[in-house]
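Q:
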Ligand code: NDP
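Numbering (our numbering), first residue to last: 7 to 484.
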């Protein structure tokens, strides 16, 4: 994979940029070697892609739902046939260990696509409204999809799937840090036989072509996942042409552990969830709030779990954690760990420096901080690494107050032996998703956040709504 220069995909063809000769390399985070070289697009290529998507829109929007679903079903079959290639691409480009890539990261592809089809079949696309009007749902138009590197296929499938099923045309700009999975996804779409111009992919960095994409007059809607910083820039750039902007941004999610929970199980589950994907998940439970009466016990359990956590080669099977995605990310995490120490938090596992046993690769020590209060930088900023902070609380009211004391509102977690209490506290969380006692989330549920965690909801039925306009035709019913 390392030799070939990755091309963009515009109007049904694999193309090199028209004028730009710039190349960007992606680094395998476990080996620190180049794993891909990407030919990055300029503004002229963005314009070419936007025009191709616009030209394809009327034709594709006129396809019946069954025709669009048939094409997406072909896409799913191709994805499943080439599944192992996708697993390897993800582990190579962003360091997710094999088991996580196989069982979760790659699985999001067929998972979201299938759920989107179910939701589309169940959706009421048209209905009578009022005395004589018809309510009609229609594709919003040309969409720009901007995706990050942390759950690359999840984010590709959660945007491309509903856009295709809704009848939109699109331009994808994947993260240049992790281009291999997007390249494969584009190959699958090419093979599935969508009309030229329905799906386009331009490689390029956010700073270089982000604004050209998000302000383009032919673009109707932006679906963005990434940092709150970049999400704000995208919304500002889209504002002059009044585009719809859907944003899935950062998080600093609280995991409230009450004394009446099964403490060992709850703390262990919380620590491992925080460290999963090397801590690079927007909904990771990174702030563990523990009832004061069991706080010291919980800190002991968490430290033990963190010290026992194994790190290893992403290409190998087994229960280990991988490196973080890049040197930039490694350095950011180191800086934040040091800030935590400087602000007086106590490291009870891990700490600064590369994990022992590795002379290369961006392996961060799984780190647990105790003695944290919620105003500390490590309790407020998204670290995006395997770093857990543990904060004591005295009662239910204080737990709710601390949990909501963050600019973010993506997820929250509640652990309690008293289901009534867990339900009560869940209702008070200012977050888009709450999980009680380790319950998982399936593809049919909405995913997204309150406050600065974003706008809009992805996945299933709600993912489709993001890509649809609503029209009322008065007098339609005669
Ligand atoms: P970014 O938000 O910068 O990148 C996400 C995507 O947005 C990438 O495709 C990026 O392109 C693109 N992008 C960046 N700036 C713009 C812009 N002005 N206009 C249009 N597109 C843009 O995330 P980073 O990779 O820099 O990660 C930094 C931090 O963001 C992490 O440490 C983490 O805290 C957070 N993050 C949160 C995620 C989440 O799911 N909530 C996901 C990823 C990161 P490119 O990278 O190619 O330049």
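All residues carry an ideal CB built from backbone N, CA and C; glycine is no exception.
Nothing here was measured: the structure is a model prediction, and the numbers come from that model.
Based on DSSP bridge pairs, tell me the residues matched to residue 261.
A: 294 and 419
Q: Just to check, is the beta-carbon of residue 256 closer than 7 Å to a non-hydrogen atom of ligand 1?
A: Yes; taking the cut-off as 7 Å, the Cβ of residue 256 has a heavy atom of ligand 1 nearer than that.
Q: Could you spell out where the alpha helix (DSSP H) holding residue 432 opens and where it closes?
A: 425-434
Q: Heavy atom of ligand 1 less than 7 Å from the Cβ of residue 461, yes or no?
A: no
Q: Counting along the chain, where does the beta strand (DSSP E) carrying residue 211 start and finish?
A: That residue, residue 211, is in no beta strand (DSSP E); it is neither H nor E in DSSP.
Q: Quick one: is residue 73 buried, meaning 16 or more other Cβ sit within 10 Å of its Cβ, or exposed?
A: Within a 10 Å sphere around the beta-carbon of residue 73 sit fewer than 16 other beta-carbons, which makes this residue exposed.
Q: For the beta strand (DSSP E) containing residue 308, name the first residue and the last one.
A: Per DSSP, residue 308 belongs to no beta strand (DSSP E); it is in the alpha helix (DSSP H), 301-314.
Q: Cα separation between residue 370 and residue 100?
A: 14 Å
Q: Does DSSP put residue 7 in a helix, a strand or coil?
A: Any answer about residue 7 is weak, because its pLDDT of 40 lies below 50 and its placement is not dependable; what the coordinates show is given next. In the structure shown, residue 7 sits in coil (DSSP, three-state: anything other than H, G, I, E or B).
Q: Identify, in the order they occur along the chain, each residue of the same chain with its Cβ nearer than 6 Å to the Cβ of residue 241, setting aside the five sequence neighbours on each side.
A: 251
Q: Please determine whether the Cβ atom of residue 242 lies at a distance below 7 Å from any heavy atom of ligand 1.
A: no
Q: Which first and last residues belong to the beta strand (DSSP E) in which residue 149 is found?
A: 148-152
Q: Please determine whether the Cβ atom of residue 236 lies at a distance below 7 Å from any heavy atom of ligand 1.
A: yes
Q: What residue from 281, 146 and 243 has the CA that sits closest to residue 485's CA?
A: Nothing about residue 485 can be read from this structure; the chain reaches only from 7 to 484.
Q: Please report the straight-line C-alpha distance between residue 140 and residue 444, rounded to a whole angstrom.
A: In a straight line, the C-alpha of residue 140 is about 43 Å away from that of residue 444.
Q: From what residue to what residue does the beta strand (DSSP E) around residue 14 run?
A: Residue 14 -> beta strand (DSSP E) spans 14-16.
Q: Counting only the same chain and skipping the five closest in sequence on each side, list residues whose C-beta sits under 6 Å from that of residue 467.
A: 125
Q: Would a C-beta distance cut-off of 8 Å place residue 66 and residue 207 closer than the cut-off?
A: For residue 66 and residue 207, no; Cβs fall outside 8 Å.
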